[in-house]
Amino acid sequence: MARLIKTKKEVEGRYSETWVVVEEDALDQWPAGPLTTVGREATRLDGAERARGEAIYTADLIFPGMLHAAILRSPYSRARVRALDLDPALDAPGVRAVLGPDELDALTDEPGYVGAPVAAVAADTEAQARAAVELVSVEWELLEPLVDPDEAVEQESFLNEPRRYERGDLDRGLAEADAVVEAEYRTQVALHNCMEPHGAVCRWQRDNLEVYISTQFIWGVRSDVADELGLPEDRVRVVCEFMGGGFGSKNGPREHTYVAAELAKRTGRAVKCFNNRREENLDAGNRNGTIQRLVAGARADGTLTALGGEFVNAVGYRGFSASTSGPMQMLYACPNVRTVENGAKLNMPPNAAFRAPGFVEGTFGLECLLDELAAKLELDPLELRRKNHTDSDLVGERPFSSKNLIECYRRAEPHWERRHAVRARTDGPWKRGVGLASQIWYGGGGPPSYAWVRVGSDGRVTVVTAMQDIGTGTRTAMAQIAAEELAVGLERVSVELGDSARGPYASISAGSSTTPSMGPAVRAAAADAARQILEIAAQRYDVEQRVLSLKNGHVVSANGGSWPLEDVTDLLDDGQILGKGARGPNPTGMRVLTFGVQVAEVAVDVETGEVRVERVAAVHDVGRIINPLGARSQIEGGIIQAVGYALTEQRIDDPATGIPLTRTLDAYKVPTIADVPEIVTDFIDIPDEHLTNLGSKGLGEPPIIPTAAAIANAIRDATGADVHSLPITREEMLRALREARERVRDEVAAPTA
Amino acid sequence: MRLPASRARALAGGTELVPLLRDHLVDAETLVELRNVVPRGIDGTTIGAGTTLGELEVDPEIPKALREACRLAASPQIRAMGTIGGNLLQATRCWYWRLKFPCWLHGGDRCFAKAGAHREHAVFGNEQCASAHPSDPAAALVALGARLRTNERELAVEELYRLPTDDDRSTTALRPGELILELEVPAPDASTYLKAMDRKAFSFPLVGVAAARTTSGTRIALSGVAPIPWALESLEDATPLPGTAYKLDIARALVDRALTEVGG
Numbered sequence: 103m104a105r106l107i108k109t110k111k112e113v114e115g116r117y118s119e120t121w122v123v124v125e126e127d128a129l130d131q132w133p134a135g136p137l138t139t140v141g142r143e144a145t146r147l148d149g150a151e152r153a154r155g156e157a158i159y160t161a162d163l164i165f166p167g168m169l170h171a172a173i174l175r176s177p178y179s180r181a182r183v184r185a186l187d188l189d190p191a192l193d194a195p196g197v198r199a200v201l202g203p204d205e206l207d208a209l210t211d212e213p214g215y216v217g218a219p220v221a222a223v224a225a226d227t228e229a230q231a232r233a234a235v236e237l238v239s240v241e242w243e244l245l246e247p248l249v250d251p252d253e254a255v256e257q258e259s260f261l262n263e264p265r266r267y268e269r270g271d272l273d274r275g276l277a278e279a280d281a282v283v284e285a286e287y288r289t290q291v292a293l294h295n296c297m298e299p300h301g302a303v304c305r306w307q308r309d310n311l312e313v314y315i316s317t318q319f320i321w322g323v324r325s326d327v328a329d330e331l332g333l334p335e336d337r338v339r340v341v342c343e344f345m346g347g348g349f350g351s352k353n354g355p356r357e358h359t360y361v362a363a364e365l366a367k368r369t370g371r372a373v374k375c376f377n378n379r380r381e382e383n384l385d386a387g388n389r390n391g392t393i394q395r396l397v398a399g400a401r402a403d404g405t406l407t408a409l410g411g412e413f414v415n416a417v418g419y420r421g422f423s424a425s426t427s428g429p430m431q432m433l434y435a436c437p438n439v440r441t442v443e444n445g446a447k448l449n450m451p452p453n454a455a456f457r458a459p460g461f462v463e464g465t466f467g468l469e470c471l472l473d474e475l476a477a478k479l480e481l482d483p484l485e486l487r488r489k490n491h492t493d494s495d496l497v498g499e500r501p502f503s504s505k506n507l508i509e510c511y512r513r514a515e516p517h518w519e520r521r522h523a524v525r526a527r528t529d530g531p532w533k534r535g536v537g538l539a540s541q542i543w544y545g546g547g548g549p550p551s552y553a554w555v556r557v558g559s560d561g562r563v564t565v566v567t568a569m570q571d572i573g574t575g576t577r578t579a580m581a582q583i584a585a586e587e588l589a590v591g592l593e594r595v596s597v598e599l600g601d602s603a604r605g606p607y608a609s610i611s612a613g614s615s616t617t618p619s620m621g622p623a624v625r626a627a628a629a630d631a632a633r634q635i636l637e638i639a640a641q642r643y644d645v646e647q648r649v650l651s652l653k654n655g656h657v658v659s660a661n662g663g664s665w666p667l668e669d670v671t672d673l674l675d676d677g678q679i680l681g682k683g684a685r686g687p688n689p690t691g692m693r694v695l696t697f698g699v700q701v702a703e704v705a706v707d708v709e710t711g712e713v714r715v716e717r718v719a720a721v722h723d724v725g726r727i728i729n730p731l732g733a734r735s736q737i738e739g740g741i742i743q744a745v746g747y748a749l750t751e752q753r754i755d756d757p758a759t760g761i762p763l764t765r766t767l768d769a770y771k772v773p774t775i776a777d778v779p780e781i782v783t784d785f786i787d788i789p790d791e792h793l794t795n796l797g798s799k800g801l802g803e804p805p806i807i808p809t810a811a812a813i814a815n816a817i818r819d820a821t822g823a824d825v826h827s828l829p830i831t832r833e834e835m836l837r838a839l840r841e842a843r844e845r846v847r848d849e850v851a852a853p854t855a
Numbered sequence: 003m004r005l006p007a008s009r010a011r012a013l014a015g016g017t018e019l020v021p022l023l024r025d026h027l028v029d030a031e032t033l034v035e036l037r038n039v040v041p042r043g044i045d046g047t048t049i050g051a052g053t054t055l056g057e058l059e060v061d062p063e064i065p066k067a068l069r070e071a072c073r074l075a076a077s078p079q080i081r082a083m084g085t086i087g088g089n090l091l092q093a094t095r096c097w098y099w100r101l102k103f104p105c106w107l108h109g110g111d112r113c114f115a116k117a118g119a120h121r122e123h124a125v126f127g128n129e130q131c132a133s134a135h136p137s138d139p140a141a142a143l144v145a146l147g148a149r150l151r152t153n154e155r156e157l158a159v160e161e162l163y164r165l166p167t168d169d170d171r172s173t174t175a176l177r178p179g180e181l182i183l184e185l186e187v188p189a190p191d192a193s194t195y196l197k198a199m200d201r202k203a204f205s206f207p208l209v210g211v212a213a214a215r216t217t218s219g220t221r222i223a224l225s226g227v228a229p230i231p232w233a234l235e236s237l238e239d240a241t242p243l244p245g246t247a248y249k250l251d252i253a254r255a256l257v258d259r260a261l262t263e264v265g266g
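Just so you know, the protein sequences line up as chains A and B, in that order.
In this text, residue positions in the first sequence follow the working numbering: the first is 103, and each later residue adds one.
In this text, residue positions in the second sequence follow the working numbering: the first is 3, and each later residue adds one.
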């Protein structure tokens, strides 16, 4: 029976209260450990399609008569359009329509950052559209931009009020400490550089709008677009079947959708509006840079007495101030914590969520600081983490729904133990070391999410849901869940997803929430279909339903008797069984989080500053693992992305004008295959017994969170050098090495008593 | 044999020219495909300018400095198309130049990199322009004392390059319509090329060091440190910018290692 409840939904640490309709989730969790299909490796259902180039991404779509739109973007960080003449563009070859800044909210005549959309052109070909954009005549009034984060702090240019958190008394905690370390950490602007750029194709079918879009949130786009255009939501259809990466930057419609929709309306034709790679490096969102001034105090035995931090998130012209302070507040059992966090407003491209926003940056600062503390106290870094483990959530003053971080530390021991042998493999200028870092993040997901499971007369199963698979392999995981619940082989299950007109509401694929939100809904739908099958079988074979169950593709009676599933479904003729399921509510009074630890081995050439990450061991606690192969791929992808974040990725801006200078993939350096370390993964794989009928948490973000800190800590272990900023370029490494040498020299010259 | 007059560009592998055309950094009315005009292939110490980096990379007769410079350049896909002749004529990767800031190298009056972001830029020859030359093979060929034969003359590889000046902002000395046809690369007693880059692959040199020892001594040339491939006399001559000083630490280490490797 449907129930209406109010529940707390969490996405990336941001909580909102929401009304949801839920079915009672009456299913017991499966036992822990690998089952028939769930918990066993499964290759991606769509892997071959993607690898062969058969998968059609939004960027691949071609419709008859489709036009291409290009956007005129501001070349200045802060300017006003005094005059704009679109006629030269309108007269250009192939151009069918133009849009000025006063004709669309998504366009502006007062750009606040380089790349801000000002005008748009639709033409027969992309080349014609882009050429026409160059012809638009604009008279700019240049204004003085604010582009430096330190200056923004000085001028108090903030997006909103400072975010403060306090527990206990920081000053007293520092006074109680036997050792105090203080340091400033800086992290860079990183760009998502999704393989598939941002963009959409819009097509009107009379009063109905079809939006084909590369997105992480089909239903969010649907409601945002309907709202913006003043349409009833069911007149907007959003489609995204294959998606080439988002990492948080594709959570909403963006300017491409509105530009395409408006131009499609005016021309009566489908319009495609996509970024090219340069635009992806300019105005597609970013992980903002941070400045972190941190302090930590502990007793001689390593017990933390104080953690404090002042955080500046250099958000940009718009965006949100992520919780860089989160790890400091949440990870450890420190009684005295104080954090102040500001989001600086600058004339720089707006940020966007990027795979664990805030926590990646904050974990770097916190975990490096803790290792500096461990060094000062002459304590083992792993022991320091264990010593300060907290059994309950000190921020929300609640228990955790499940936490196996101590087990993660235990499983990290053999990897940590390798440090003696690793250090000994120093050769010539190459020094080697090992470092570790803890991870904390969200991942509980929440309602609403719905799924249908259709069983045809041939006994084959289709999972139907209008969710998106952003490359995380959730399509395959959903199939596994349905296969397990219906006791059929995975090869008999297919998944239809990606179309709001052809499936029920699904959650956003962000905040590590798809598996924990959609998975239980799929299981509930499969269970509903199973129940209906057994109802039919009971009547067909004249048995009581309660002695029947599904096993190995058969309907099985506890009193003997076994019939192939198809014999039952065959009775349907051309009909089908439709099971429906919904995500139940989240556990109340508990905090649902994910945990982990990573151990990195690095080699540093102390003469040239080259850093090589040779091995990363990742131990993660994310509840039940649905697909160990898919989960391992997620860990590997997250770690590779983290290696890029730690060592080579940075958006470089001209300091005088704020103009971003790294626009292409030769300049913005993501890792190559040659940069990938050996990666060893270990999943705790204990279901969270309080969380849904699956006990699974999300895994999308945890793997990227602790890696940079583990690498920096390994560098300290190898060389004694303290890295305080990311990325760890040659110049940063050489600077840190020089500082370490000078420190040693000073200590030798004037040893402390 | 002559290229048709102005607004015609020679095209071989296209790995540099096509991006430059696409970004409107060069223009052309006509592209002249060089396949049947410029020799390709290796014959003893003579290398056709149309030989790809990929072909040079795997030939054991090619001196190690050149082989390594090719192997460490770009990516396998680019090396399969890019020719050694074209590689020598690459333009700088300086982001100000590539984004068409009206900089000095483009004919304007200031170098934006000097006061701006310049971590990838020059430590030598940077009085007017701080751009860095991105070619690995060029440094190797300078160290090896290689010579070029064009359709008009013969010259040392070093003479192909010039520091840009107020009246002439180009970094190469090729005349209009002049084509590099062949390279003459004498075999050294020993040679090597060591490269420092931001990733393990697919990156332009932060600092590349080529060393070649012959009976007349050891020559060293550097990539990534000056607007042109830099025949090194002394690291003490360097004029680093605040953001490029780190390159000297790297150069020092790599020069030491290169000298140790080639011995003598």
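All residues carry an ideal CB built from backbone N, CA and C; glycine is no exception.
Quick caveat, the model's predicted, so the values are computed rather than measured.
For residue i, does the three-state DSSP call read helix, strand or coil?
i: Tyr215 of chain A; result: coil
i: Met3 of chain B; result: In this prediction, Met3 of chain B scores a pLDDT of 48, lower than 50, which makes its location untrustworthy; the coordinate-derived value is nonetheless stated afterwards. In this structure, Met3 of chain B counts as coil in the three-state DSSP scheme.
i: Trp132 of chain A; result: coil
i: Tyr117 of chain A; result: strand
i: Phe126 of chain B; result: coil
i: Tyr607 of chain A; result: coil
i: Gln92 of chain B; result: coil
i: His358 of chain A; result: helix
i: Asn815 of chain A; result: helix
i: Thr160 of chain A; result: helix
i: Ala386 of chain A; result: coil
i: Pro501 of chain A; result: strand
Residues bridged to residue i by DSSP?
i: His722 of chain A; result: A:Gly698 and A:Phe785
i: Val670 of chain A; result: For Val670 of chain A, which the question treats as bridged, DSSP gives no partner whatsoever.
i: His300 of chain A; result: The partner list for His300 of chain A (beta bridge, DSSP) is empty, contrary to what the question assumes.
i: Leu406 of chain A; result: A:Ala400
i: Val595 of chain A; result: A:Val563
i: Asn688 of chain A; result: Asn688 of chain A pairs with nothing; no bridge assigned.
i: Ala222 of chain A; result: A:Ile173 and A:Leu201
Look at residue i and residue j and say whether their C-beta atoms are less than 8 Å apart.
i: Leu237 of chain A; j: Ala194 of chain A; result: yes
i: Gly575 of chain A; j: Arg146 of chain A; result: yes
i: Val283 of chain A; j: Leu475 of chain A; result: yes
i: Val101 of chain A; j: Gly655 of chain A; result: The requested residue 101 of chain A is not part of the displayed model; chain A covers only 103 to 855.
i: Ala851 of chain A; j: Ala838 of chain A; result: no
i: Ser427 of chain A; j: Thr441 of chain A; result: yes
Comparing C-alpha positions only, which one of the options sits nearest to residue i?
i: Val187 of chain B; options: B:Val159, B:Ala175 and B:Val211; result: B:Val159
i: Leu592 of chain A; options: A:Leu599, A:Ile583, A:Gly530 and A:Ala153; result: A:Ile583
i: Leu157 of chain B; options: B:Leu165, B:Asp168, B:Leu143 and B:Pro166; result: B:Leu143
i: Pro299 of chain A; options: A:Asn815, A:Glu253, A:Trp321 and A:Phe349; result: A:Phe349
i: Lys108 of chain A; options: A:Pro549, A:Tyr314, A:Gln647 and A:Ser351; result: A:Pro549
i: Gln641 of chain A; options: A:Val657, A:Ala626 and A:Ala628; result: A:Val657
i: Ala400 of chain A; options: A:Ile393, A:Leu479, A:Arg380 and A:Pro459; result: A:Leu479
i: Ala720 of chain A; options: A:Arg726, A:Gln743, A:Asn729 and A:Asp784; result: A:Asp784
Between residue i and the ligand NAD, is there a pair consisting of the residue's CB and a ligand heavy atom that are separated by less than 7 Å?
i: Ala30 of chain B; result: This structure lacks the ligand NAD; in fact it carries no ligand of any kind.
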